[in-house]
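Chemist:
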Amino acid sequence: MRVAELWRYPVKGLRGERLEHVHLGTKGVEGDRTVRIVNGRKRVSPRTVPRLLGLRGGLGANGEPLIDGARWDRPEALDAIRRLAGENAELIRDESLNRFDDAPVLLNTDGALEALGEDRRRFRPNLVIAGVDGLGERDWVGRSLRIGEVELRVRKHCKRCLVTTIDPDSLEIEPAILTRIRREFGEKMGVYCEVTDPGEIREGDPVEVR
3 MRVAELWRYP VKGLRGERLE HVHLGTKGVE GDRTVRIVNG RKRVSPRTVP RLLGLRGGLG
63 ANGEPLIDGA RWDRPEALDA IRRLAGENAE LIRDESLNRF DDAPVLLNTD GALEALGEDR
123 RRFRPNLVIA GVDGLGERDW VGRSLRIGEV ELRVRKHCKR CLVTTIDPDS LEIEPAILTR
183 IRREFGEKMG VYCEVTDPGE IREGDPVEVR
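Residue numbers are given in the numbering used here: position 7 of the sequence shown equals residue 9, and the series is strictly consecutive.
1. If I measure Cβ to Cβ from Asp96 and keep anything under 8 Å in the same chain, skipping five residues before and after, which residues do I get?
2. Could you tell me the distance, in whole angstroms, from the CA atom of Asp81 to the CA atom of Gly65?
3. Kindly give me the distance between the Cβ atoms of Tyr194 and Arg162, rounded to whole angstroms, as I take these residues to be in contact under 8 Å.
4. Please return the same chain residues whose Cβ sits closer than 6 Å to the Cβ of Gly113, not counting the five positions on each side in sequence.
5. Keeping to the same chain, check which residues put their C-beta closer than 6 Å to that of Val51; ignore five residues upstream and five downstream.
6. Tell me the DSSP bridge mates of Glu92?
7. Any idea if Asp121 is buried or exposed, counting beta-carbon neighbours within 10 angstroms, 16 or more meaning buried?
8. Any idea if Asn90 is buried or exposed, counting beta-carbon neighbours within 10 angstroms, 16 or more meaning buried?
9. Nearest-angstrom Cα distance between Asn41 and Ala132?
And the structure:
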């Protein structure tokens, strides 16, 4: 098995960026999901505003999150968000573990994705692991993955939500995809992991299940 893809989503809910290498710390991929969108007391996501996935998140050379190339704390970045999420939407910087839904790292495998046959970008993984037979990832919960100097502890399966129904290019909604995930895969696609040994990983690194 090997690392096939690495992804980071600096602004939670926006399109992510693919990377050749990342640093994985105890808080996940460096720079991942460090800015979130809120409207009043409610968090805003593509579940309620699907067109957010049309905006491109990134990380500048100085480590500051970007929205379509503009620093997240610039007026033009906030204007882009408010055009979609409402005039009261705000951007909040948060680098605590509370910014994650369940765990710092979301991992998908080629075997499960090929069994489903849909664009992997729908599932917003941090890591895609290649060389996995079918739904083999389902046996990893409670075990560890060694990737070079990094060790991940697989905590739980990921139950998928409405975001999987949004086409990453056209942004059209396809409800049948989530229906199929629920019916044929028990809602599960991918696993959540925590980082027990931090370090650098690259595309192509071998992966060992322990």
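Where is the CB? At the ideal position from N, CA and C, for every residue including glycine.
Modeler: Let's see:
1. Here the question's residue 96 lines up with position 94 in the sequence shown. Answer for Asp96: Thr36, Val37 and Arg38, listed in chain order.
2. Along the sequence shown, one-based indexing puts residue 81 at 79. Along the sequence shown, one-based indexing puts residue 65 at 63. Between Asp81 and Gly65, the C-alpha separation is close to 21 Å.
3. Here residue 194 refers to the residue found at position 192 of the sequence shown. Here residue 162 refers to the residue found at position 160 of the sequence shown. In fact, because the Cβ distance is near 12 Å, the residues do not count as touching under 8 Å.
4. Against the sequence shown, residue 113 aligns to sequence position 111. For Gly113, the CB contacts under 6 Å within the same chain, skipping 5 residues up- and downstream, are Val134, Asp135, Gly136 and Gly138 in chain order.
5. Within the sequence shown, residue 51 is the residue found at index 49, counting from 1. Same-chain partners within the cutoff: Leu86 and Ala87.
6. Residue mapping note: residue 92 aligns to position 90 of the sequence shown, counting from 1. The partner list for Glu92 (beta bridge, DSSP) reads Val40.
7. Indexing the sequence shown from 1 puts residue 121 at position 119. Burial call: exposed.
8. Residue mapping note: residue 90 aligns to position 88 of the sequence shown, counting from 1. Exposed is the call here.
9. Here residue 41 is taken as the residue at index 39 of the sequence shown, counted from 1. Here residue 132 is taken as the residue at index 130 of the sequence shown, counted from 1. Between the alpha carbons of Asn41 and Ala132 lies a distance of about 38 Å.
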